[in-house]
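Count along the sequence shown starting at 1, add 428, and that's the number in our numbering.
The block underneath contains the structure these notes are about, expressed in structure tokens.
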Amino acid sequence: MSDDTRRLQFGPEELARLRAVADLGEPVWTDELASATALARLAVVDVLITSWGCPRLDERVLAAAPRLRAVLHAAGSVRAHVDPVVLDRGLLVTTAADANAEPVAQYTLAAVLWAFKKVPFLAADARRYRDDWGYRSGRGELSGRGRTVVLVGFSRVGRRVAHLLRVVNAGRVLVVDPVVDPGEVRAAGAEPAQLENALPQADVLSLHAPALPETRRMIGAAELAALPAGATIVNTARGALVDTAALERECATGRVHAVLDVTDPEPLPAGSPLYDLPNVLITPHVAGSLGSETRRMSAMALDELERYAAGHPPHAAVTPRALAVQA
Numbered sequence: 429m430s431d432d433t434r435r436l437q438f439g440p441e442e443l444a445r446l447r448a449v450a451d452l453g454e455p456v457w458t459d460e461l462a463s464a465t466a467l468a469r470l471a472v473v474d475v476l477i478t479s480w481g482c483p484r485l486d487e488r489v490l491a492a493a494p495r496l497r498a499v500l501h502a503a504g505s506v507r508a509h510v511d512p513v514v515l516d517r518g519l520l521v522t523t524a525a526d527a528n529a530e531p532v533a534q535y536t537l538a539a540v541l542w543a544f545k546k547v548p549f550l551a552a553d554a555r556r557y558r559d560d561w562g563y564r565s566g567r568g569e570l571s572g573r574g575r576t577v578v579l580v581g582f583s584r585v586g587r588r589v590a591h592l593l594r595v596v597n598a599g600r601v602l603v604v605d606p607v608v609d610p611g612e613v614r615a616a617g618a619e620p621a622q623l624e625n626a627l628p629q630a631d632v633l634s635l636h637a638p639a640l641p642e643t644r645r646m647i648g649a650a651e652l653a654a655l656p657a658g659a660t661i662v663n664t665a666r667g668a669l670v671d672t673a674a675l676e677r678e679c680a681t682g683r684v685h686a687v688l689d690v691t692d693p694e695p696l697p698a699g700s701p702l703y704d705l706p707n708v709l710i711t712p713h714v715a716g717s718l719g720s721e722t723r724r725m726s727a728m729a730l731d732e733l734e735r736y737a738a739g740h741p742p743h744a745a746v747t748p749r750a751l752a753v754q755a
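Here it is as structure tokens:
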């Protein structure tokens, strides 16, 4: 992992847990796997704990690590560093994506609830109109009652958002996910739906799908036009799910609103009109784990290490199928 990540995620408490269950050796940490020092350590390691900034684990790395049996990731997606050959060799790979999903779901819940009353956009209006509250009527319905939220993707985050929306009685939830059993969606208190049917019903459209070739720009001009006037699109997943040019055009009309924690590209170019639109809120990719929140993921990886050392099955093993569709 990168040095910044190591210092953020592995302090004295985490290192104490490591030493209690494993023979660490020296060096304990590295951000590269090509030097003579790193190769000497790879030759004797049984387990790698990885996080953001890990080099790719490929055939070359596996050849240098004959004893390696497990890769325990202290972050979310492993697609960036785990080559499929790692799973082909029968190694255990785990992820702390469940821990990372918590703050994303909390951010999304806040965004949805504020979108019902257009809070971020009225705040932008207040800077322009100041002492005349007449601008309030210009944002349409400002109510959280009887609203419909459409979730695209019943992922870890999508499932948590559905649960949180049910806890706060936030209205009707439709879920668009072609690979999930509709029974799972209904069991979560939501309704399975097709995208083309769900879009015209969406007061809020919240994206929780992975970035794959088949999901790239899945929300384009036609999909944005299908949203009812006053709807809000919330994206905490991947910027590439949305056609940025189409979103710029649609938001420029004032017909729809947007809360964007991720964009394509990221960050947006300085000249993007989205920065200046009062119906758009942009945050700098802060929904996921930051600061002390990242220690939840460290703890989950260490839980997996303790289970592995004790011969217990993992909580969050990555399968080849899951690897192919991770965000």
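Glycine is no exception: its CB is placed at the ideal position from the N, C-alpha and C atoms.
Report yes if the C-beta distance between residue i and residue j is below 8 Å; otherwise report no.
{"i": "residue 722", "j": "residue 690", "result": "no"}
{"i": "residue 718", "j": "residue 680", "result": "no"}
{"i": "residue 424", "j": "residue 459", "result": "As displayed, the chain neither begins before 429 nor continues past 755, which places residue 424 out of reach and without an answer."}
{"i": "residue 564", "j": "residue 541", "result": "no"}
{"i": "residue 661", "j": "residue 686", "result": "yes"}
{"i": "residue 751", "j": "residue 470", "result": "no"}
{"i": "residue 493", "j": "residue 510", "result": "no"}
{"i": "residue 599", "j": "residue 575", "result": "yes"}
{"i": "residue 527", "j": "residue 724", "result": "yes"}
{"i": "residue 478", "j": "residue 499", "result": "yes"}
Closer than 6 Å by C-beta to residue i: which residues in its own chain qualify, once you throw out the five before and the five after it? Chain order, please.
{"i": "residue 601", "result": "577, 590, 593 and 618"}
{"i": "residue 684", "result": "655, 659 and 678"}
{"i": "residue 580", "result": "604, 635 and 637"}
{"i": "residue 588", "result": "529 and 533"}
{"i": "residue 657", "result": "683"}
{"i": "residue 668", "result": "639, 644 and 692"}
{"i": "residue 730", "result": "445"}
Could you name the residues of the same chain whose beta carbon sits closer than 8 Å to that of residue i, not counting the 5 residues immediately before and after it, in chain order?
{"i": "residue 714", "result": "535 and 689"}
{"i": "residue 696", "result": "672, 702, 703 and 710"}
{"i": "residue 496", "result": "470, 473, 474, 475, 476, 490 and 519"}
{"i": "residue 627", "result": "578, 633, 651, 654 and 655"}
{"i": "residue 450", "result": "475, 733 and 737"}
Within 10 Å of its beta-carbon, does residue i have 16 or more other beta-carbons around it, so buried, or fewer, so exposed?
{"i": "residue 562", "result": "exposed"}
{"i": "residue 525", "result": "buried"}
{"i": "residue 740", "result": "exposed"}
{"i": "residue 586", "result": "buried"}
{"i": "residue 642", "result": "exposed"}
{"i": "residue 571", "result": "exposed"}
{"i": "residue 531", "result": "buried"}
{"i": "residue 716", "result": "buried"}
{"i": "residue 452", "result": "exposed"}
{"i": "residue 392", "result": "One cannot answer for residue 392 here, as it falls past the ends of the chain, which runs 429 to 755."}
{"i": "residue 631", "result": "buried"}
{"i": "residue 583", "result": "buried"}
{"i": "residue 597", "result": "exposed"}
{"i": "residue 666", "result": "buried"}
{"i": "residue 744", "result": "buried"}
Can you name the residues that DSSP bridges to residue i?
{"i": "residue 686", "result": "661 and 708"}
{"i": "residue 633", "result": "578 and 661"}
{"i": "residue 619", "result": "602"}
{"i": "residue 498", "result": "475 and 520"}
{"i": "residue 510", "result": "485"}
{"i": "residue 745", "result": "522"}
{"i": "residue 670", "result": "647"}
Closer than 7 Å by C-beta to residue i: which residues in its own chain qualify, once you throw out the five before and the five after it? Chain order, please.
{"i": "residue 726", "result": "437, 438, 442 and 502"}
{"i": "residue 557", "result": "563"}
{"i": "residue 754", "result": "505, 506, 507 and 638"}
Practice task
Indicate whether the contact test is met: 3 or more Cβ pairs, each with one atom in the stretch 504 to 524 and one in the stretch 540 to 550, closer than 8 Å.
Solution key: The answer is no - the stretch 540 to 550 does not touch the stretch 504 to 524, with fewer than three Cβ pairs under 8 Å.
Exercise for the section: Count the CB pairs spanning the stretch 632 to 646 and the stretch 489 to 504 that are closer than 8 Å, and state whether there are at least three. Expected result: These segments do not touch.
Handout entry: Contact between the stretch 732 to 745 and the stretch 606 to 623 (3+ Cβ pairs under 8 Å)
Key = Not touching, per the Cβ criterion.
Exercise for the section: Answer yes if the stretch 442 to 462 comes into contact with the stretch 471 to 484, meaning at least three C-beta pairs across the two stretches below 8 Å, and no otherwise. Expected result: Contact annotation: the stretch 471 to 484 touches the stretch 442 to 462, with at least three C-beta pairs closer than 8 Å.
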